[in-house]
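One structure is given here, and the rest of the page talks about it.
Residue numbers (this note's numbering): 962 to 1396.
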């Protein structure tokens, strides 16, 4: 009898199909802090719903660090399946030669809904009419302000400044009243310069911001640029604007605002959830408004910030299919609603916006509304589409250096002329490298 049972057990084992090996998908991203946990939770949910696929997210540091690590890994034959690339890395992503256009992976029957992406987002990430990547975390800069300090200074808490001169006037009143030591803060980062250029309808580079053809000339000494720098310098000299003294110090600017050192802050919409909690904990009422525009300029809106998700080459068809399935799930309607509520990044799908409106989300959470209204009001012109430049990360360093020099007393026109020459050389060098 024992021999019969053993023999039967062996037959059953042989007759049972082997468990299929899971298709592994590696996902390198640049979302730090609490967002690491949220991304992991979303990936875990996908894995549970798709037992034949295992997506492993890994935080790789800053956007620049993530992109550089991915290019190196590809050269070593160890590239992840998905790379999270910031918006200004898009041209570099195309030129790197290690990514496949996402739209080329879509097959008949795939529930891709590429026409469901919000127009402003699609306007940025369509390159030559094609999605090379999947939009994911999108943002724009908004004005956060402390309504409690506005009331103390005698300012209308429901009417934040909308222009450069109105920012100066509000800051002077806040300072003179003793409501706050400084009027406003924002991180010393080129992103805001890019936004104020797009906001004025001004281009950052020739050939329609590098969208009609590869850019060959950077435009850092234009009148719109000089207008930005002149205003920024005036604010700094008048002790109306303050920053931490460090470049790209997002946390430093946030802390100056939360602590009441500055009554206004310009930063990313992605901080809305964090700012609401900080306002509650520090007992002040939070307000949000559009990014202030240069006086005398039509307000063309803002450029989409944030990042998108790219698929690397060199993997099996099975892995590519699994990766595509994950990306479509990860950015579907329900997950875009979830991501928006959990972070403040605005939803990139129209269907997600519809779902939020059905539940009166923006009415119940007005701090989130300004960013989305600003996106919807943005005009689809070349300036707000954003520039396509392969050396964009280097350009940001050049502009940041120029701003620091100007704040320290350097002549504005001479400094921007020199920055323009440096940027043109960097662009020429980059363009030669990809020919």
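For each residue, glycine too, the CB sits at the ideal point set by N, CA and C. These numbers come from a predicted model, not from an experiment.
Would you say the beta carbon of residue 1259 is closer than 7 angstroms to some non-hydrogen atom of the ligand GDP?
Because no ligand of any kind appears in the structure shown, any question about the ligand GDP cannot be addressed here.
Can the beta-carbon of residue 1380 be found less than 8 angstroms from the beta-carbon of residue 1363?
For the pair residue 1380 and residue 1363, the CB atoms are nearer than the 8 angstroms cut-off.
Are residue 1166 and residue 1033 touching if we call contact CB-CB under 8 angstroms?
no
Residues bridged to residue 1087 by DSSP?
1092
Would residue 1244 be called buried (16 or more neighbouring beta carbons within 10 Å of its own) or exposed?
Sixteen is the threshold: since fewer than 16 other Cβ atoms of the shown chains lie within 10 Å of the Cβ of residue 1244, the residue is exposed.
Name the two residues that bound the continuous beta strand (DSSP E) containing residue 1022.
Note, residue 1022: premise wrong, no beta strand (DSSP E); not H, not E.
Quick one: what does DSSP say residue 1106 is sitting in, helix, strand or coil?
strand
By the DSSP assignment, the alpha helix (DSSP H) with residue 1303 in it spans what residues?
1294-1304
Candidates 1203, 1238, 1233 and 1232: which alpha carbon is nearest residue 1222's?
Among 1203, 1238, 1233 and 1232, the Cα nearest to that of residue 1222 belongs to 1203.
Quick one: what does DSSP say residue 1175 is sitting in, helix, strand or coil?
coil
In chain order, what residues of the same chain lie with their CB nearer than 8 angstroms to the CB of residue 1187, ignoring the 5 residues before and after it?
1373, 1374 and 1377
Would the segment 1035-1055 count as touching the segment 1104-1112 if we require 3 or more Cβ pairs under 8 angstroms?
no
Rounded to whole angstroms, what is the Cα-Cα separation between residue 1183 and residue 1255?
14 angstroms
Within the chosen definition, does the segment 1009-1027 reach the segment 1139-1153 through at least 3 CB pairs nearer than 8 angstroms?
no
Which class does residue 1327 belong to by DSSP, given the choice of helix, strand or coil?
helix
Spatial neighbours of residue 1229 within its chain, please: CB distance less than 7 angstroms, with the 5 preceding and 5 following residues excluded, ordered by chain position.
Excluding residues up to 5 positions away in sequence, 1100, 1102 and 1266 lie with their Cβ nearer than 7 angstroms to the Cβ of residue 1229 in the same chain.
Who does residue 1044 pair with in a DSSP beta bridge?
989 and 1271
Looking only at its chain, what residues have a beta carbon closer than 6 angstroms to the beta carbon of residue 1050, apart from the 5 residues adjacent to it on each side?
1028
Quick check: the Cα distance between residue 1066 and residue 1270, rounded to an integer number of angstroms?
14 angstroms
CB residue 1156 to CB residue 1252, shorter than 8 angstroms?
yes
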